[in-house]
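See structure below.
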Amino acid sequence: MTEQQTWITVGQRSDLIDGAGVGAQVDSDQVALFYLKKHNQLFAVGNLCPFNDLNIIARGIIGDIKGEPVVASPLHKEHFSLRDGHCLEQPEVRLPVWQVRLEGDVLQVMRPATQATSTSF
Amino acid sequence: MNKLNLVVIGNGMVGHHFLEQLAASSKAHAFQVTVIGEENYCAYDRVHLSEYFQGKSSDELALGSAKQYKDWGFKLHLGVKATAIEPCSRKVQLDDGTELSYDKLILATGSYPFVPPIEGSTLEHCFTYRTLTDLDAIRSSANAANTGVVIGGGLLGLEAAKALRDLDLDTFVVEHSPRLMNAQIDQEGGELLQEKIEALGVQVLTQRAAVRVTEGLGARLCVEFADGKKLETDLIVFSAGIRPRDELPRAAGLLLGERGGVAVDNYCQSSDPQILAIGEAAAWSNCCFGLVAPGYQMAKVALANLIGEELAFTGADMSTKLKLLGVDVGAIGDTQGNQNVGTKIYRYLDQISQHYRKMVVSADGQRLLGAILVGDNSYYDTLMQYYRNGLDLPAHPESLILPSQSGSTPLLGMAALPDSAIICSCHNVSKGDIVDCLQGGCASVAEVIELSRASTGCGGCSSQLKSLVEQQMAAMGMAVSSALCEHFAYTRQELEHMIRTESILNFNQLLERHGQGMGCDICKPTAANIFASVQNDFVLSADHLGLQDTNDAFLANMQKDGTYSVVPRIAGGEITPEMLILLGKVARDFGLYSKITGGQRIDLFGAELSQLPAIWQRLIEAGFETGQAYGKSVRTVKSCVGSAWCRYGVQDSVRLAIDLENRYKGIRAPHKLKFAVSGCTRECAEAQSKDFGVIATEKGWNLYVAGNGGMRPRHADLFAQDLDTDSLIRTIDRIMIFYIRTAGRLERTARWLESLEGGLEYLQKVILHDSLGLNADLDQQMAHLVASYQCEWQTTLNNPESLKRFRQTINSAGDDPQLLYVSERGQKRPANAQERAQHIPLVSV
Chain A
2 MTEQQTWITV
12 GQRSDLIDGA
22 GVGAQVDSDQ
32 VALFYLKKHN
42 QLFAVGNLCP
52 FNDLNIIARG
62 IIGDIKGEPV
72 VASPLHKEHF
82 SLRDGHCLEQ
92 PEVRLPVWQV
102 RLEGDVLQVM
112 RPATQATSTS
122 F
Chain B
161 MNKLNLVVIG
171 NGMVGHHFLE
181 QLAASSKAHA
191 FQVTVIGEEN
201 YCAYDRVHLS
211 EYFQGKSSDE
221 LALGSAKQYK
231 DWGFKLHLGV
241 KATAIEPCSR
251 KVQLDDGTEL
261 SYDKLILATG
271 SYPFVPPIEG
281 STLEHCFTYR
291 TLTDLDAIRS
301 SANAANTGVV
311 IGGGLLGLEA
321 AKALRDLDLD
331 TFVVEHSPRL
341 MNAQIDQEGG
351 ELLQEKIEAL
361 GVQVLTQRAA
371 VRVTEGLGAR
381 LCVEFADGKK
391 LETDLIVFSA
401 GIRPRDELPR
411 AAGLLLGERG
421 GVAVDNYCQS
431 SDPQILAIGE
441 AAAWSNCCFG
451 LVAPGYQMAK
461 VALANLIGEE
471 LAFTGADMST
481 KLKLLGVDVG
491 AIGDTQGNQN
501 VGTKIYRYLD
511 QISQHYRKMV
521 VSADGQRLLG
531 AILVGDNSYY
541 DTLMQYYRNG
551 LDLPAHPESL
561 ILPSQSGSTP
571 LLGMAALPDS
581 AIICSCHNVS
591 KGDIVDCLQG
601 GCASVAEVIE
611 LSRASTGCGG
621 CSSQLKSLVE
631 QQMAAMGMAV
641 SSALCEHFAY
651 TRQELEHMIR
661 TESILNFNQL
671 LERHGQGMGC
681 DICKPTAANI
691 FASVQNDFVL
701 SADHLGLQDT
711 NDAFLANMQK
721 DGTYSVVPRI
731 AGGEITPEML
741 ILLGKVARDF
751 GLYSKITGGQ
761 RIDLFGAELS
771 QLPAIWQRLI
781 EAGFETGQAY
791 GKSVRTVKSC
801 VGSAWCRYGV
811 QDSVRLAIDL
821 ENRYKGIRAP
831 HKLKFAVSGC
841 TRECAEAQSK
851 DFGVIATEKG
861 WNLYVAGNGG
871 MRPRHADLFA
881 QDLDTDSLIR
891 TIDRIMIFYI
901 RTAGRLERTA
911 RWLESLEGGL
921 EYLQKVILHD
931 SLGLNADLDQ
941 QMAHLVASYQ
951 CEWQTTLNNP
961 ESLKRFRQTI
971 NSAGDDPQLL
981 YVSERGQKRP
991 ANAQERAQHI
1001 PLVSV
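Going line by line, the protein sequences match chains A and B.
To convert, take the position in the first sequence, counting from 1, and add 1; that gives the working numbering.
To convert, take the position in the second sequence, counting from 1, and add 160; that gives the working numbering.
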């Protein structure tokens, strides 16, 4: 297992907000973490919006479009899939998707396996 | 194969329609087409010409464009006039010296405004009202003018009067016959119309024949009448009817109609077999038609004639419904009852509400032959269907024009109409055509319009079209697209009603009872907004936090670089020097860019997410509270300095502005609400461009509603006059709650009032006369909203759970390193792309 594929602790269960997002810092990258208590679901994608290079994805509204769970970037409302990161309006634009878990009350993320650093492309 | 050389003279609405039909036909390739237009503009929408003065541009009025004609392969010559037709040699001469040959010639030259032959009618500042060029000239003349006179009280004259009033002129309409709209309505209708128009501030002079125009003494011009009276004015618009443009065919020796116009047969063919005429220039059975629908019909007939199809013109229905100066007028068929034998009449006149309705029926009382409406056109569509389709009248025909009791209007259900019933007479679209559109895959009103073109002519059928499409879609089991989004099959109004009447408290309940899926960035903020307008709970409570839109979610306005601006409330724009200094200190200490807003307060830009609580801590300690600039809510009440200081002020506008702002602050509505209070009629606070505008009078306050600046400015409507302060507040309370209950998603008051059925008059009945019996309920809701106000920033600072999200990340306190500023005019601003490139080394991906 390489260094990139270890679980990194970023916070506690209490740092999460039901139905909304928060950001977390991992080295020079930020991750957006979304929590849906009702469905016991956690999502983690890159916090950097590829359309404006701002770390704001965690501030977006989450929901679904035709069943696909999405977050809407707060500035101009582009929708990104929370499952695979692709942008519904421009599928070639993607957010990196992180792995995320709660170990008890400890909140952990793991870098996307395919990328050394999570920049947008 | 040789192409047929087709020349079209005239590029107005009908000429353009003909070309559009030709381009769409499968025989288009058989023609080489040349189009001559005298105006410099490609065809535009003359029916809606007066909207030019309400801000519509010539581009928005345009029907066609040079590019479109090029795409069609048609040669278009604009700004060129045909000077002669030579039928023997089949040639047309143009004023630029060109000579065109034709195999077939279409005359679509339209008509010209008739100017009565009176002395002085060609003086400077005398105009006609037909072309964009006319309107430009009127506008520039009106710049330095105070008064305007329209000669002619017909349909076009009243359109022109509206235009002059929109240009802020004191407007007079002069009509030589005893009533307005002589051709369409009767004496009672005319008198009522006159009363209504005069109440709107347009003076009407009937039975006055202008005989001379001279230079004025106190104004630019003076109109002299046959009875010796005089009227001074700064400009005159002649609108005394139209005459066909038939000078070319006349000189060429073609047969003309008895009252002018090119005589045509049922196939639009003139006395020369190679020449056809359509639109207002054509006289069919000695009759010229001054409406667009018959013109479009002729265009279709002429095209059929050219390509060898069978279609005949068999006369036209001149029924029409209009809004003249905001007054509904409708005329159907035989309005005077003199075109048929033995007609009988039903009549309803209400001089209090100023409504007049009349039905002309056949001798046996079975069929509707004609009708007149003044004041309320909501009866038109049903009457029109009885008339046009020759339906048997119902058991009590009078119910068709009597005011409805508690909403039991005897509307003729769309289902009862035969498929052949024409819905859009401009484009000849029947009910059957619309059903075909829906069966062919259209799934919304917009798609039906795009395919069928219904309602894109005069627009008179749009409400009927909408209800037909929605009713048909419902009957076919299709979802009507008034759904808010894929999660709720309801409009905002319907959701508001459910949330209020079922006491739904949060989004999960709403979703479980009435929605599906998880919700989205459309329905969540909409629901959050309704919860705030109904319950007014804290917007960042656990239930509501995830629903809030970008700005509401952090109680600040997100800017292009992801930072926020902060706006404390400065009620009425009044601020003490101490508070001003404190605000300056906060801005300086946090390094915020400062700017005065249009709403008389101060906006502090460049605050990072994590700085917001600290900034607000300082502001609230100093005595400020949130300004709710981030919400779809009441923003500011702008004021002039009023009677306290101003030597013209008649009331204390600052006090009222502060009181209003403090009463309504924080109330969330379908969209932002702006207020202003002016202390006298000089109107320095620009109240008439606000959602709620108040102007002081000697006796109290005048209330204006539904004004708007922005992309589509709208002058506010005068709602009530000379109110005392308590009545004013009660009236605003009720209008505001009624707006909150009935407006669409993100619908400002201006658009809301425009689309409110019955318009201003209806709203006045609801609010001032309690016609729906709602007022007690409206008052109660407002009392709750006022009593439950809280400074959302104060609540946030008191609540550690709410503060959690005001962190860029949960595991470091650091600022966002992405941010970069440059200095400009002594303050900071976000670096632009170029500046960023110079400062930040590019990271390769």
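Idealized CB from N, CA, C, for every residue including glycine.
Fair warning: this is a prediction, and the values are worked out from it, not measured in the lab.
Fill in: Cβ shell of residue 226 (chain B) (< 8 Å), same chain only, five flanking positions each side left out
If we look at residue 226 (chain B) and ignore the five residues flanking it on each side, its Cβ neighbours are 202, 236 and 238.
Item to complete: Go ahead and pull the three-state DSSP assignment for residue 548 (chain B).
Response: Of the three classes helix, strand and coil, the one that applies to residue 548 (chain B) here is helix, per DSSP.
Worksheet item: Counting only beta-carbon atoms, is residue 659 (chain B) nearer than 7 Å to chain A?
Response: It does not; no Cβ of chain A falls within 7 Å.
Discussion item. Between which residues of its own chain and residue 233 (chain B) is the CB-CB distance below 7 Å, once the five residues before and five after are set aside?
Written reply: Take residue 233 (chain B), set aside five residues on each side of it, and no residue of its chain has a beta-carbon closer than 7 Å to its own.
Worksheet item: What did DSSP end up calling residue 796 (chain B) once you bin it into helix, strand or coil?
Response: The answer is strand: DSSP assigns residue 796 (chain B) an E or B state.
Worksheet item: So is residue 57 (chain A) in contact with chain B if we call contact Cβ pairs under 7 Å?
Response: Taking Cβ atoms only, chain B reaches closer than 7 Å to residue 57 (chain A), which makes this a yes.
Fill in: Cβ-based burial, residue 377 (chain B) [other Cβ within 10 Å; buried from 16]
Result: exposed.
Worksheet item: Closest to residue 45 (chain A) by CA distance: which of A:114, A:97 and A:28 is it?
Response: If we check each option's Cα against that of residue 45 (chain A), A:97 comes out closest.
Worksheet item: Among all the DSSP beta bridges, which residues are the ones paired with residue 912 (chain B)?
Response: Answer is none; residue 912 (chain B) lacks a bridge partner.
Discussion item. Could you compute how far the alpha carbon of residue 468 (chain B) sits from the alpha carbon of residue 180 (chain B)?
Written reply: Each residue's alpha carbon lies about 18 Å from the other.
Worksheet item: residue 833 (chain B) bridges to which residues according to DSSP?
Response: Paired residues: B:794.
Worksheet item: Comparing alpha-carbon positions, which option in B:325, B:187 and B:183 lies nearest residue 212 (chain B)?
Response: Nearest C-alpha to residue 212 (chain B) among B:325, B:187 and B:183: B:325.
Worksheet entry | Residue of B:401, B:598, B:263 and B:622 minimising C-alpha distance to residue 481 (chain B) | The shortest C-alpha separation from residue 481 (chain B) is found at B:622.
Discussion item. Using a Cβ-Cβ distance cut-off of 7 Å, determine whether residue 757 (chain B) contacts chain A.
Written reply: No, because no Cβ of chain A sits closer than 7 Å to the Cβ of residue 757 (chain B).
Worksheet item: Alpha carbon to alpha carbon, how far is residue 569 (chain B) from residue 792 (chain B)?
Response: Confidence in residue 569 (chain B) is poor, its pLDDT being 44 and thus under 50, which makes the residue's placement too unreliable to answer from.
Worksheet item: List, in order along the chain, the chain B residues whose C-beta lies closer than 9 Å to that of residue 47 (chain A)?
Response: Residues of chain B with a Cβ closer than 9 Å to the Cβ of residue 47 (chain A) do not exist; the shortest Cβ-Cβ separation is about 13 Å.
Worksheet item: Count the other CB atoms within 10 Å of the CB of residue 566 (chain B); is the residue buried (16 or more) or exposed (fewer)?
Response: Note that residue 566 (chain B) scores a pLDDT of 41, beneath 50, so its modelled location is shaky and nothing firm can be said.
Practice prompt. Taking a Cβ distance cut-off of 9 Å, strictly less, list which residues of the region 18 to 33 of chain A are near chain B, in chain order.
Written response: Within the region 18 to 33 of chain A, 18, 19, 20, 21, 22, 23, 24, 25, 26, 27, 29, 31 and 32 place their CB atoms closer than 9 Å to a CB of chain B, listed in sequence order.
Practice prompt. At 4 residues or longer, and completely inside the region 424 to 480 of chain B: list those alpha helix (DSSP H) runs for me, N to C.
Written response: The region 424 to 480 of chain B contains these whole alpha helix (DSSP H) runs: 452 to 466.
Fill in: Neighbouring residues, chain A, relative to residue 713 (chain B) (Cβ below 7 Å)
Contacts between residue 713 (chain B) and chain A, judged by CB atoms closer than 7 Å, involve 60 in chain order.
Practice prompt. Would you kindly work out how many angstroms separate the C-alpha atoms of residue 656 (chain B) and residue 518 (chain B), rounded to a whole number?
Written response: Looking at the two C-alpha atoms, the distance is approximately 39 Å.
Worksheet item: According to the neighbour-count rule (16 or more other Cβ atoms, all chains shown, within 10 Å of its Cβ), is residue 982 (chain B) buried or exposed?
Response: Per the 10 Å Cβ criterion, exposed.
Worksheet entry | Top-ranked residue by Cα proximity to residue 483 (chain B), from B:886, B:210 and B:990 | Among B:886, B:210 and B:990, the Cα nearest to that of residue 483 (chain B) is on B:210.
Practice prompt. Please confirm if residue 12 (chain A) has its CB atom under 7 Å from at least one CB of chain B.
Written response: Yes - at least one Cβ of chain B is within 7 Å of the one on residue 12 (chain A).
Fill in: residue 51 (chain A): contacting residues in chain B (beta-carbon distance under 8 Å)
Those within 8 Å of residue 51 (chain A) in chain B number zero; the least Cβ separation is about 11 Å.
Discussion item. Helix, strand or coil, according to DSSP, for residue 382 (chain B) in the structure here?
Written reply: In the structure shown, residue 382 (chain B) sits in a strand (DSSP, three-state: E or B).
Discussion item. Residues in the same chain with beta-carbon distance under 6 Å from residue 286 (chain B), minus the five sequence neighbours each way, listed in chain order, please.
Written reply: If we look at residue 286 (chain B) and ignore the five residues flanking it on each side, its Cβ neighbours are 396.
Worksheet item: residue 85 (chain A) CB to nearest chain B CB: under 7 Å?
Response: With 7 Å as the cut-off, residue 85 (chain A) does not count as an interface residue toward chain B.
Worksheet entry | Proximal residues to residue 94 (chain A) (C-beta, below 6 Å), its chain only, five neighbours per side dropped | Taken in chain order, the residues that qualify are 51 and 88.
Worksheet entry | DSSP state of residue 969 (chain B) mapped onto helix, strand, coil | Three-state result, residue 969 (chain B): coil.
Practice prompt. For residue 968 (chain B), decide whether its Cβ has a neighbour in chain A, counting only Cβ atoms nearer than 7 Å.
Written response: At a cut-off of 7 Å between C-beta atoms, residue 968 (chain B) counts as an interface residue with respect to chain A.
Item to complete: State the Cα-Cα distance for the pair residue 6 (chain A) and residue 645 (chain B), rounded to the nearest angstrom.
Response: The alpha-carbon of residue 6 (chain A) is positioned some 40 Å away from that of residue 645 (chain B).
Practice prompt. Give a yes or no on whether 7 Å exceeds the smallest Cβ distance from residue 580 (chain B) to chain A.
Written response: Judged by the 7 Å Cβ criterion, residue 580 (chain B) is not in contact with chain A.
Discussion item. Is there a C-beta anywhere in chain A that falls below 7 Å from the one on residue 705 (chain B)?
Written reply: Yes, contact with chain A.
Discussion item. Tell me whether the region 380 to 398 of chain B and the region 419 to 430 of chain B touch, counting them as touching only if at least three CB pairs, one residue from each stretch, are closer than 8 Å.
Written reply: Segments in contact, no.
Item to complete: Note down, in chain order, each residue of its chain lying with its Cβ closer than 6 Å to the Cβ of residue 454 (chain B), except the 5 sequence neighbours on either side.
Response: Same-chain partners within the cutoff: 476.
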